[in-house]
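Notes to accompany the following structure.
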Amino acid sequence: MADLQERMSLSSSSSSSSSSSLSLSTMAIDGELWMVAEERAQEILNAIQPVFVSDKSRNEIIDYVQTLIKDRLGIEVFLFGSVPLKTYLPDGDIDLTVLTPQDKEEDLANALCSMLRAEDGGESDFHVTDVQYIPAQVKVIKCSIRNIAVDISFNQMAGLCALCFLEQVDQIFGKDHLFKRSIILIKAWCYYESRILGANTGLISTYALAVLVLHIINISYSSLSGPLAVLFKFLDYYASFDWDSYCVTVNGPVPISSLPDMPCNDAEVVLNEKFFRECIELYSVPTKAVEANGHYFPVKHFNIVDPLKHSNNLGRSVTKGNLQRIRHAFTLGARKLKDVLSVPGEAMGWKLEKFFCSSLERNGKGQRQDVEEPVVAFGTGRAEASELRGDFEGYFKSLVYGKGFHGETQHKWIPQGQGQDHTSSWDIVRWFVAGQKNDFHRRNMNGSSNSLQNMRRSRGTGTYIPEMSQQSYTERFSGKPSTVNSLPSASQSQLVKQNI
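See below:
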């Protein structure tokens, strides 16, 4: 390792108790060995990431639930979360949300619960079991369909906003879906190896984890060769993060003492504050009247600022006791991964497999929890076909439809005049807002329903499989991010009124 001069430095940042500045440490790893390690990490990813057969299995369940509710109750059901984002694990659930007048949520929940229970033991090929209604502040119906957990909530517009936002971030970061692949790898480590994932058990929520990953890539983009590099940086950074004094934002740590004010961070980032302001304009929903103070940030033990709503603490689910568990997991994981990356040659490969031993034991033997038929096993040199690109256009349509359902009519700043290197998401947003109003009127003039079903194109909001290009491993990781500094300011944008 010492014989070669080519090295890759990974920055490791931590917050001091007296300052918000970041101290950096580096770990030098031979460049060729690092690429070997990234290739092995991708082989591990192949065993746990979404694949065509798992997409198909989940989409059949989604279509079944959507059709059932649409036919019986005449209401729309939207998909959000890790399934449409293509970052779910084989054990991950399916998140659906039903659009209904807010004063009808309770009645609809009871009706839907009865309807699903009636499906249990029926003639359908979809076996609905374990139906449970949780009448909390956020009402949720939980059930299992074909042994996959399904959560049905009501009017969860924030989930649709987060889906659009995260899909666009992935498109901008590029590098063959570096953002999504990093989420999957880190989520697998958190869930299978360290058991620190799960908001319902006082641990980290999946959206909070995505924002933690986003922050790492945003501040360290140029030094990250692949998802393993992101995992290393993630563990090293958050193991030494001062959670007692600072909260995490997408652009850097902010002292808890300064909240609700968030001073500008001087760190060099790929996605700047102007980008996130525009995302808030496009992908946020109005604060409910029942919320006492829209600017109040509820400080908890594990503080993460929602980039789309600064008063939302994404780490609020973590209990005080579990914070110590998470800290220990990060510290132990960082130390173990450094040990893995310090060994030479082939030993690094099998040590990395050992680092993910629970993930591979669960998912690497040719069976997946979410697929009935056998799949390609880990270690065979082959992989199931997969496509991580989502259907941003469909997601944005769902969001706008949902806002229209609840009577929201807003003025939106729609970016225009983008450079040729910029992500196409903004173009989709501009096209949709400019043309959807006329599309609604045309459909109504023709006597057609203006339901979401008639808004969808043939590919819908399910799995969209574009033509795949063949790239070498080096080519996949050599891409540069789209230029986000070219995003226009409000004075350069067109003011468009949505009236759906």
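Take the sequence shown: its position 301, counting from 1, is numbered 301 in the UniProt record's numbering, and each next residue is one higher.
No residue lacks a Cβ here, since even glycine has one placed at the ideal position from N, Cα and C.
Please read these numbers as outputs of a predicted model, since none were measured by experiment.
| Asked | Found |
| --- | --- |
| Can you look up Gly381 in the DSSP assignment and give me helix, strand or coil? | coil |
| Which word fits His127, buried or exposed, when buried means at least 16 other C-beta atoms lie within 10 angstroms of its C-beta? | exposed |
| Can you tell me whether DSSP reads His215 as helix, strand or coil? | helix |
| What did DSSP end up calling Asp242 once you bin it into helix, strand or coil? | coil |
| Expressed to the nearest angstrom, what Euclidean distance is found between the alpha-carbon atoms of Gly315 and Met115? | 35 angstroms |
| Quick one: does Leu235 have its CB under 8 angstroms from some CB of chain B? | Among the chains in the structure shown there is no chain B, since it carries only a single protein chain. |
| At the level of alpha carbons, what is the spacing between Tyr191 and Val138? | 24 angstroms |
| Comparing alpha-carbon positions, which option in Glu393, Ser358, Thr380 and Gly394 lies nearest Arg195? | Ser358 |
| Using DSSP with H/G/I as helix, E/B as strand and the rest coil, what is Leu116? | helix |
| Assess, as a yes-or-no matter, whether the stretch 378–386 is touched by the stretch 42–61 under the definition of 3 or more beta carbon pairs within less than 8 angstroms. | yes |
| Just reading off the alpha helix (DSSP H) that Ser398 is part of, what are its end residues? | Phe392 to Phe405 |
| Near Ala47, which residues of its chain fall below 7 angstroms by C-beta distance, leaving aside the five closest residues on each side in sequence? | Leu360, Asn363, Gly364 and Phe378 |
| So if DSSP puts Ala37 in a beta bridge, which residue, or which two residues, is it bridged to? | Partner(s): none; Ala37 has no beta bridge. |
| Could you give the first and the last residue of the continuous alpha helix (DSSP H) run that contains Cys161? | Met157 to Phe173 |
| If we ignore side chains and look at the alpha-carbon of each, how far apart do Ala111 and Leu332 end up? | 48 angstroms |
| Spatial neighbours of Thr463 within its chain, please: C-beta separation below 6 angstroms, excluding the five flanking residues on both sides. | A caution first: Thr463 carries a pLDDT of 28, below 50, which makes its placement in the model too unreliable to give a value. |
| Check this for me: beta carbons of Cys113 and Val131, under 8 angstroms apart or not? | yes |
| Below 8 angstroms, how does it come out for the stretch 178–188 and the stretch 217–237: are there three or more Cβ pairs, yes or no? | yes |
| Just checking, does the stretch 247–255 make contact with the stretch 305–313 on the three C-beta pairs under 8 angstroms criterion? | yes |
| Measure the alpha-carbon distance for Gly31 versus Asn272 and round it to whole angstroms. | 30 angstroms |
| Check each candidate in Leu185, Thr129, Leu160 and Thr201 and name the one with the smallest Cα separation from Gln42. | Leu185 |
| So Gln367 and Val376 are supposed to be a Cβ contact under 8 angstroms. How far apart are they, rounded? | Not quite, the Cβ-Cβ distance comes to about 11 angstroms (not below 8 angstroms), so this is no contact. |
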